[in-house]
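Step one of this worksheet: look at the structure below.
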Amino acid sequence: MLDIKKLARKEVFNFEPYVHGKPIDELKREFKIQDIYKLASNENSLGPSKKMAQKLTNVLLDVHRYPDPGCYDLRKLLVKKLAVLQENLLFGNGSDEIIELLGKAFLNKEDNIVTSAHSFIRYAMAADLMGAKVKNAKMTKDLVVDLTEMLKLIDENTKLVFIGNPNNPTGTYVKKQDFSEFMSKVPENVLVVMDEAYYEYAKDYPDYPDTLAMGYENLIVLRTFSKLFALAGLRIGYMIASFDIISVVERVRPPFNVNLIAQVAAVLSFGDKQHLQSTLEMNKDGMSYLSAEFDKMMVEYLPTITNFILFKTKIKGKDLFKKMLEQGVIIRSVDEYDLSDYARVTIGNNKENKIFIEVLKKVLT
Ligand SMILES: Cc1ncc(COP(=O)(O)O)c(C=O)c1O
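In the numbering used here, the protein residues as written are 13 to 377.
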């Protein structure tokens, strides 16, 4: 009889498969409900830029061709926008893929990564897959990444340090001054990954570090088009780093990993300033509304600089998730982040936020 466990690399069983936000259609099939509100995956509830979507239809006529492996147009645009060189950029099928590529490119069994106890699970998975060790630093009592604790965990086998900034699922962030101090103490042969998936939501907050201006040779910055740019379904993210780092990761990047439609959509999305502005405004309004409602309900929540909020659930987060699911509202329980008394909700549009609060009230009383 086929013994698949024997055939597979044992590292494949080092981690539990990623738990994704429940897709809307899956819930429709399971519960036979038509009105579903998904606030589980920090997507942009405004939807994609309509200007972008209209122009995209022509691209469909080119899908018989492989995409540009170097993402030429997008690279050119980012060179201008970010004031970096072409060779400082690498593109991925979502920043998720780049996290995995970093593991593949740098981690051996004897190595370790340092990250935070309640940080995006994909960092640990990238290390687990390679058989490397994961060292989780405690966070502060306010659930902010604790850089001092991280420093303590770095040793001669540390290759990569992963910091979500802002951090998912807490929504909190490390400040510029703390980050500079941290970088001055990190050994130069340790690569520090700043995962800035929510950069566009966070960049104008006081003391949010402008990492690209800091010029560290061992710094890797990750960004994505999945969040503010509303392209989660197309899968495109990028990494900014020194040419030396990029050239290593390029060796493990699959050819044509970024599809044709995603490349064009990313360029076009950058151009629709109105859409980006409207998204920020929707998020700001949603954040005020949800915070005020949480206050009224005496629900504790963390201050956030993102498009999601981590809140205390009164009952187990998992149970709240299930009860809300039955009412057609998909939130995210965060058990796998060792936060079983919390849940995460994406800040949606007006209607979604209102329905979320209505259902939350109903479920908690
Ligand atoms: C902190 C963080 N990093 C990376 C990602 C992955 O984003 P992408 O859609 O670009 O793969 C997410 C998605 O939720 C995230 O929250």
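For every residue, glycine included, the Cβ atom is placed at its ideal position computed from N, Cα and C.
Note that this is a predicted model, so its numbers are computed, not measured.
Taking C-alpha atoms, which residue in TYR349, LYS326, GLU364 lies nearest to GLY340? For the purposes of this step, residue 340 is taken as residue 328 along the sequence shown, with counting starting at 1. Among TYR349, LYS326, GLU364, the Cα nearest to that of GLY340 is on GLU364.
Among LYS147, ASN269, LYS62, PHE103, the one whose alpha carbon lies nearest that of ASN169: Residue 169 sits at position 157 when you count from the first residue of the sequence shown. It is LYS147.
Classify PHE103 as helix, strand or coil using the three-state DSSP reduction. Position 91 of the sequence shown, counted from the first residue, corresponds to residue 103. In this structure, PHE103 counts as strand in the three-state DSSP scheme.
For ligand 1, which residues have a Cβ under 5 Å from at least one heavy atom, in chain order? Working through the chain, the matches are GLY106, SER107, ASP108, PHE132, GLY176, ASN180, ASP207, ALA209, THR236, SER238, GLY249.
Indicate the three-state DSSP secondary structure (helix, strand or coil) for VAL204 in the structure shown. The count along the sequence shown starts at 1 and reaches residue 204 at position 192. VAL204: strand per DSSP, three-state reduction.
Below 9 Å between beta carbons: does that hold for PRO181 and LEU351? What you label residue 181 is simply residue 169 of the sequence shown in a count that begins at 1. What you label residue 351 is simply residue 339 of the sequence shown in a count that begins at 1. Yes. Within cutoff.
Give a yes or no on whether the C-beta atoms belonging to PHE132 and PHE174 are separated by under 9 Å. Numbered from 1 along the sequence shown, position 120 holds the residue referred to as residue 132. Numbered from 1 along the sequence shown, position 162 holds the residue referred to as residue 174. At a Cβ-Cβ threshold of 9 Å, PHE132 and PHE174 count as neighbours.
C-beta atoms of ALA277 and LEU246 nearer than 9 Å: Here residue 277 refers to the residue found at position 265 when the sequence shown is read from its first residue. Here residue 246 refers to the residue found at position 234 when the sequence shown is read from its first residue. Yes, the Cβ-Cβ distance between ALA277 and LEU246 is below 9 Å.
When we look at the beta-carbon of PRO178 and count the other beta-carbons within 10 Å, is it buried (16 or more) or exposed? In the sequence shown, counting from the first residue as 1, residue 178 sits at position 166. Burial of PRO178 is indicated by the presence of at least 16 other C-beta atoms within 10 angstroms of its C-beta.
Name the residue from LEU58, ASN26, ALA52 whose alpha carbon lies nearest to the alpha carbon of GLY33. By one-based count along the sequence shown, residue 33 stands at place 21. Closest option to GLY33, Cα to Cα, is ALA52.
Reference LEU94, options MET336, TYR185, GLU212, closest by Cα: Within the sequence shown, the letter at position 82 stands for residue 94. Answer by Cα proximity: GLU212.
Let's test the definition: count the other Cβ atoms within 10 Å of the Cβ of ASP216 and tell me whether it reaches 16, buried, or not, exposed. Counting from 1 along the sequence shown, the entry for residue 216 is found at position 204. So ASP216 counts as exposed.
Tell me, please, which residues DSSP counts as bridged to THR236. As a first step, residue 236 is located in the sequence shown; it is residue number 224 there, counting from the start. Beta-bridge pairing by DSSP links THR236 to GLY249.
When the Cβ atoms of the segment 246-255 are set against those of the segment 88-105, are three or more pairs found closer than 8 Å? Touching, yes, given that three or more Cβ pairs across the two stretches are closer than 8 Å.
With contact counted as at least three CB pairs below 8 Å, one residue from each stretch, are the segment 75-83 and the segment 295-309 in contact? Not touching, per the Cβ criterion.
ASN124, enclosing beta strand (DSSP E) - first and last residue: The count along the sequence shown starts at 1 and reaches residue 124 at position 112. Residue range 124-128 is occupied by the beta strand (DSSP E) that includes ASN124.
Of the residues ASP190, GLU229, LYS326, the one placed nearest GLU200, counting alpha carbons only: Taking the sequence shown and counting its residues from 1, one reaches residue 200 at position 188. That would be GLU229, whose Cα lies nearest to the Cα of GLU200.
Spatial neighbours of PRO258 within its chain, please: CB distance less than 8 Å, with the 5 preceding and 5 following residues excluded, ordered by chain position. Here residue 258 refers to the residue found at position 246 when the sequence shown is read from its first residue. Correcting the residue type first, residue 258 is Ile in the shown sequence and not Pro. Excluding residues within five positions, the ones whose Cβ falls inside 8 Å are GLU99, ASN100, LEU101, LEU102, MET251.
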